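>
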Amino acid sequence: MSIQIKSISQEKLLLSSEGETSHPIIRHLSKHPSVVSISSVSKLTQPQWFNGSPNYAFPYPDSVSQAYDVHRQLKLTGEGILIGIIDSGIDYTHPALGGGLGKGYKVRYGRNLVSAKRDEKLGIKPRGEFDPYDPCTGRKTGHGTHVAGIIAGYDVSKNFIGIAPNATLAVWRVFGCDQRVDDDTVIKALEMAHEAGCQVINLSLGSENGWIESPLAAAVERMSKAGIIVASVAGNQGMDGPFSISSPGTAKGVISVASINSPYYPAKVFEFNTFPGEYFSYLPSSSTQSFPDGDLAYAIVNGSLPYACNSDMQFLTQFSTVGKILLVKRGHCKFNEKLKNAKLLGVKGVLFYDPDTSAHDVVKAKTHSGTLPCAGLEYATGIRLVTYMMQHQDVIIKLKTAKEEHIIDGGPDLRISDFSSIGPSYELHMKPMVTAIGGNVYSTVPSRIDNGWSVKSGTSMASPQVAGALALMLEYYQLSKRSVTGAFLIEQLQNHARILKKESGAPYHPLIQGSGLIQVFDAIREKVHVSPAHISFNDTASLSAYKKITLTISNGNGYPLHVFFENIQSGSIQMLPANTTDYQINKTQIDVGHFRVALQFTPSSTAVIPALASVKIDVTVLVNNHMMVYYPFPMYGGFIVVKDVSSKRALSSVPYFGVIGNMKDVPIFDKGYPYMASEKNITEKANFPYLFTLTRSMSRPTMVIRTMTGTARIEIRLLDKYGNPIGVIRNGLHTYTARNGLASKRYTKYKWTGDYKPTCNTGKYVTKYECDNTHEVRAKEGSYYLFLRALKHFGDPDNKDDWEEWKSGEIIVQVE
Numbered sequence: 001m002s003i004q005i006k007s008i009s010q011e012k013l014l015l016s017s018e019g020e021t022s023h024p025i026i027r028h029l030s031k032h033p034s035v036v037s038i039s040s041v042s043k044l045t046q047p048q049w050f051n052g053s054p055n056y057a058f059p060y061p062d063s064v065s066q067a068y069d070v071h072r073q074l075k076l077t078g079e080g081i082l083i084g085i086i087d088s089g090i091d092y093t094h095p096a097l098g099g100g101l102g103k104g105y106k107v108r109y110g111r112n113l114v115s116a117k118r119d120e121k122l123g124i125k126p127r128g129e130f131d132p133y134d135p136c137t138g139r140k141t142g143h144g145t146h147v148a149g150i151i152a153g154y155d156v157s158k159n160f161i162g163i164a165p166n167a168t169l170a171v172w173r174v175f176g177c178d179q180r181v182d183d184d185t186v187i188k189a190l191e192m193a194h195e196a197g198c199q200v201i202n203l204s205l206g207s208e209n210g211w212i213e214s215p216l217a218a219a220v221e222r223m224s225k226a227g228i229i230v231a232s233v234a235g236n237q238g239m240d241g242p243f244s245i246s247s248p249g250t251a252k253g254v255i256s257v258a259s260i261n262s263p264y265y266p267a268k269v270f271e272f273n274t275f276p277g278e279y280f281s282y283l284p285s286s287s288t289q290s291f292p293d294g295d296l297a298y299a300i301v302n303g304s305l306p307y308a309c310n311s312d313m314q315f316l317t318q319f320s321t322v323g324k325i326l327l328v329k330r331g332h333c334k335f336n337e338k339l340k341n342a343k344l345l346g347v348k349g350v351l352f353y354d355p356d357t358s359a360h361d362v363v364k365a366k367t368h369s370g371t372l373p374c375a376g377l378e379y380a381t382g383i384r385l386v387t388y389m390m391q392h393q394d395v396i397i398k399l400k401t402a403k404e405e406h407i408i409d410g411g412p413d414l415r416i417s418d419f420s421s422i423g424p425s426y427e428l429h430m431k432p433m434v435t436a437i438g439g440n441v442y443s444t445v446p447s448r449i450d451n452g453w454s455v456k457s458g459t460s461m462a463s464p465q466v467a468g469a470l471a472l473m474l475e476y477y478q479l480s481k482r483s484v485t486g487a488f489l490i491e492q493l494q495n496h497a498r499i500l501k502k503e504s505g506a507p508y509h510p511l512i513q514g515s516g517l518i519q520v521f522d523a524i525r526e527k528v529h530v531s532p533a534h535i536s537f538n539d540t541a542s543l544s545a546y547k548k549i550t551l552t553i554s555n556g557n558g559y560p561l562h563v564f565f566e567n568i569q570s571g572s573i574q575m576l577p578a579n580t581t582d583y584q585i586n587k588t589q590i591d592v593g594h595f596r597v598a599l600q601f602t603p604s605s606t607a608v609i610p611a612l613a614s615v616k617i618d619v620t621v622l623v624n625n626h627m628m629v630y631y632p633f634p635m636y637g638g639f640i641v642v643k644d645v646s647s648k649r650a651l652s653s654v655p656y657f658g659v660i661g662n663m664k665d666v667p668i669f670d671k672g673y674p675y676m677a678s679e680k681n682i683t684e685k686a687n688f689p690y691l692f693t694l695t696r697s698m699s700r701p702t703m704v705i706r707t708m709t710g711t712a713r714i715e716i717r718l719l720d721k722y723g724n725p726i727g728v729i730r731n732g733l734h735t736y737t738a739r740n741g742l743a744s745k746r747y748t749k750y751k752w753t754g755d756y757k758p759t760c761n762t763g764k765y766v767t768k769y770e771c772d773n774t775h776e777v778r779a780k781e782g783s784y785y786l787f788l789r790a791l792k793h794f795g796d797p798d799n800k801d802d803w804e805e806w807k808s809g810e811i812i813v814q815v816e
């Protein structure tokens with residue numbers, strides 16, 4: 001027997017937090033003992049990725065990826081490994097990707113899960129169900145082709161080799177040319193990949209939701225349990241701070257990948273006559289199309305550059321600036337004020353650098369059209385120019401804008417990409433798990449775009465490097481006739497990752513880099529294995545069992561090892577602003593806090609591990625209760641490094657983190673929220689009593705909320721004039737929602753249309769509907785209140801104290 005259900009809109013489903021709905025078929029299925037839960041379909045958008053510059057051929061440096069070491073020394077290329085790519089399709093005709101589809105080609109299998117109707121609607125000629133070709137046009141297309149090139153591309157003429165160049169690919173096109181897909185389509189592709197025999201699957205897709213309970217995350221977790229290795233993105237929302245990790249990378253068993261910038265990157269560059277043979281990258285402002293050549297104006301007072309704000313004009317007029325280029329510092333006023341003043345001084349262009357950022361952070365200035373040309377410089381460039389000016393006041397510095405972009409060597413420091421999302425998951429699981437190159441990655445795009453090659457950035461570019469690395473590891477163990485699990489390979493990759501450090505020498509927090517930068521050669525050759533490969537000590541309100549973790553350290557060498565354990569601490573992460581009495585979303589300080597913990601190793605901080613044997617070590621967190629906490633709920637972190645006693649060489653490492661405080665105490669709502677407004681003006685708080693005319697849509701009362709943390713459940717109930725609950729408003733039940741972003745305009749609005757779904761009982765804290773066949777009804781004339789409640793982090797839905805609540809003022813409904 002089979003059941004076919006036509007597409008049902010989300011509003012008709014009206015799923016409650018208990019998975020209930022007014023639709024009779026879904027209600028019937030929900031009561032079947034084999035049905036655990038029912039979820040409405042969610043839409044995913046293709047991950048944001050960032051354009052670079054085309055036609056630059058440069059390889060991954062050996063010192064970073066170790067992929068070439070594996071190719072040359074170990075003769076491993078991914079041969080015999082089938083890797084699934086679920087993405088936007090692929091240009092399999094690209095020479096670097098084999099030139100065709102089917103038996104005998106690099107792309108052996110493929111399916112197109114985008115309907116012909118969707119393609120036709122966008123003017124695209126459908127290519128059929130069994131053709132995964134990417135037919136989309138425009139420079140934003142080619143996502144899947146770029147991913148495929150990173151995994152398995154090969155083109156000698158371009159000096160380009162993917163991570164696993166001889167791997168076989170299977171491609172599922174799920175994103176249409178509108179760059180959207182329903183999550184059930186991705187789940188279908190996952191099932192097909194499983195049936196096709198894929199050993200590794202890359203998912204360079206996701207949505208910013210740090211929970212593990214989504215249907216897609218559950219499906220990916222099942223793939224992992226079935227023995228398939230799944231690599232997925234950490235996400236590109238790093239500027240939103242903690243908990244910005246993407247799903248399904250949150251799923252258990254999935255290796256989520258953060259991004260570092262490539263040490264080599266293409267950039268627009270200046271040349272200065274005072275530094276012959278060198279190129280200096282710059283970033284033009286939003287309104288700057290080109291930057292003029294010219295002489296730099298000397299405008300230094302007391303050894304410092306001006307900001308070019310209004311307050312600086314009194315001494316800037318003393319310098320010769322007409323027809324020259326003015327170098328200033330960022331800050332103290334808006335860019336447009338700086339440019340307005342510079343225009344008054346007669347300059348023809350403005351350069352700036354940020355004195356408060358590291359040597360490689362260049363800010364893109366937002367400027368109005370019609371203003372002077374403006375561009376940002378690296379910190380190191382700005383300091384170098386100022387120093388030269390002060391030491392050679394009689395020398396004129398001449399600037400020349402290079403006609404073509406140049407490859408810039410970013411130096412030995414590997415920096416986490418600004419866009420790379422920060423963990424953990426809302427369940428406080430360690431995410432991301434590893435890091436790979438995702439910033440300024442050169443790879444294939446459809447041949448009709450940029451001659452088939454382009455530089456792109458995003459964790460979408462980092463994830464396929466990990467997928468390729470895992471394919472190399474699989475090939476090694478297959479050739480060695482050793483059977484290993486996917487979980488073992490992921491742990492081994494984590495154990496031997498390179499811990500990335502900031503310029504200060506301190507490591508990036510594990511919630512930023514995971515275990516560190518993958519080192520696939522070391523992961524294959526090194527014989528020390530530690531499990532688990534990462535640790536979450538949860539929060540300090542958790543049970544004591546969470547504070548002690550047992551590590552199993554295995555020695556695969558034919559000789560004993562004498563080791564000791566070192567605790568390398570990172571700076572802590574600020575989850576909330578510093579004012580502990582006035583919680584408010586703000587730009588959090590990442591990785592710069594001073595809260596650290598000591599670790600106790602039992603039975604000892606040293607151990608002798610016999611050849612081909614294992615030992616167990618208990619790790620316990622020792623919290624210094626006298627340490628000053630400068631901001632609430634700090635996230636401490638660090639790395640347990642296993643080192644050889646004699647040589648002091650690191651043999652393996654395990655990242656750890658935890659939260660000081662009880663996550664249940666984290667307030668859900670930002671200061672000043674929730675509030676009620678009208679639909680036509682949601683920024684202005686409404687006065688009560690609020691008059692709602694049902695026939696006038698613009699008068700609909702709209703609840704505006706801004707959350708500081710994710711919540712597993714939000715309910716918006718309708719109360720009668722006596723304060724008794726009579727139902728739930730349309731779209732008034734939400735589960736596993738993410739917190740709002742850090743930008744001041746990031747909020748969520750819920751409008752009341754006047755419709756609600758009645759309940760058959762009157763308990764204020766009822767969470768279960770007991771009526772059959774209840775349908776939405778229209779509110780009658782009278783007085784009502786909206787009652788909002790949200791479940792606290794780790795809250796118990798049956799405990800009244802675990803909810804945050806808010807009640808609106810009186811809403812008077814009238815019908816014309």
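One point on numbering: in the UniProt record's numbering, the residue at position 211 of the sequence shown is 211, and numbering is uninterrupted. Ideal Cβ positions, reconstructed from N, Cα and C, are used throughout, including at glycine. Predicted model, so just to flag it, every value in this text is computed and none were measured.
Enumerate in chain order the residues of its own chain whose CB-to-CB distance from Val815 is below 6 Å, with the five nearest sequence positions on each side excluded.
Leu694, Glu781
> Would Glu475 pass as a contact of Glu79 if the rule is Cβ separation under 8 Å?
yes
> So, helix, strand or coil for Ile518, using DSSP?
coil
> Within 10 angstroms of the Cβ of Arg778, are there 16 or more other Cβ atoms? Answer buried if so, exposed if not.
exposed
> Checking the sheet assignment: what are the DSSP bridge partners for Leu169?
Ile83, Val107
> Please identify the residue among Asn209, Ala219, Phe272 whose C-alpha is closest to the C-alpha of Phe243.
Asn209
> Only counting the same chain, and skipping five residues up and downstream in sequence, which positions put a Cβ closer than 6 Å to that of Lys749?
Excluding sequence neighbours, Lys749 sits near Ile682, Thr702, Val704.
> Go ahead and pull the three-state DSSP assignment for Lys400.
strand
> Taking the beta carbon of Phe669 as the centre, do at least 16 other beta carbons fall within 10 Å, making it buried, or is it exposed?
buried
> With burial defined as no fewer than 16 other Cβ atoms inside 10 Å of the residue's Cβ, what is the status of His509: buried or exposed?
buried
> Please name the residue in Asn557, Leu377, Tyr656, Gly556 whose C-alpha comes closest to that of Ala598.
Tyr656
> With a cut-off of 8 Å, does the C-beta of Gly144 fall near any C-beta of chain C?
This model lacks chain C altogether; it includes just one protein chain.
> Are Leu216 and Leu472 closer than 8 Å when you measure CB to CB?
No. Outside cutoff.
> Distance check for Ser443 and residue 824, CA to CA, integer angstroms please.
Only positions 1 to 816 of the chain appear in this structure, which leaves residue 824 out of reach.
> Going straight from the alpha carbon of Val530 to that of Leu511, what length do you get?
As the crow flies, the alpha-carbon of Val530 is around 19 Å from that of Leu511.
> Would you mind sorting Phe130 into buried or exposed? The rule is 16 or more other CB atoms within 10 Å of its CB.
exposed
> For Ser699, which of helix, strand or coil comes out of DSSP?
In the three-state scheme derived from DSSP, where H, G and I count as helix and E and B as strand, Ser699 is classed as helix.
> Could you tell me which residues DSSP puts in a beta bridge with Met676?
Met703
> Please tell me whether Val434 and Val301 are closer than 8 Å, where the distance is taken between their beta carbons.
no
> Which one of Ile81, Gly144, Asn341, Gly323 has the shortest CA to CA distance from Phe315?
That would be Asn341, whose Cα lies nearest to the Cα of Phe315.
> Here's the rule I'm using: 16 or more other beta-carbon atoms within 10 Å means buried, otherwise exposed. How should Tyr722 be labelled?
It counts as exposed.
> What residues in its chain sit with their C-beta under 6 Å from that of Pro689, if we drop five residues either side in the sequence?
Glu810, Ile812
> Identify whether Glu503 lies in helix, strand or coil by the three-state DSSP scheme.
It is coil, neither helix nor strand.
> Taking the alpha-carbon of Thr367 as reference, which of Trp453, Cys333, Ser224, Gly346 has the nearest alpha-carbon?
For the options Trp453, Cys333, Ser224, Gly346, the alpha carbon positioned closest to that of Thr367 is the one of Cys333.
> What beta strand (DSSP E) runs, 3 residues minimum, are completely inside the region 621–670?
635–644, 650–659
> Pop quiz: Gly672 and Tyr636 are said to be a contact at Cβ under 8 Å. What is the actual Cβ separation, rounded to whole angstroms?
The pair is not a contact, with the Cβ atoms about 30 Å apart (cut-off 8 Å).
> Compute the beta-carbon to beta-carbon distance between Thr606 and Val642, rounded to the nearest angstrom, for a pair I have assumed lies under 8 Å.
Thr606 to Val642, Cβ: 10 Å. No contact.
> Which one of Glu427, Leu470, Pro507, Ser454 has the shortest CA to CA distance from Leu414?
Pro507
> Leaving out five residues on either side along the sequence, give the residues of the same chain with a beta carbon under 8 Å from the beta carbon of Gln73.
Taking C-beta separations shorter than 8 Å and ignoring five residues to either side along the sequence, the partners of Gln73 in its chain run Phe521, following chain order.
> Find the nearest neighbour of Glu195 within the set Gly227, Gly556, Asp178, Ser287, judged by alpha-carbon distance.
Gly227
> If you follow the beta strand (DSSP E) that Ile416 is in, where does it begin and where does it stop?
Element bounds for Ile416: n/a, residue is neither H nor E.
> Per the contact definition of three or more C-beta pairs closer than 8 Å, is the region 450–461 in contact with the region 165–172?
no
> Just verifying my parser: in three-state terms, what is the DSSP assignment at Lys329?
Per DSSP, reduced to three states, the secondary structure at Lys329 is strand.
> Closest to Leu399 by C-alpha separation, out of Gly277, Ile573, Asn336, would be which residue?
Gly277
> Give me the Cβ distance between Leu517 and Ala436, rounded to the nearest whole Å; I'm assuming they're in contact under 8 Å.
7 Å
> Can you grab the Cα-Cα spacing for the pair Asn112 / Asp91, in whole Å?
13 Å
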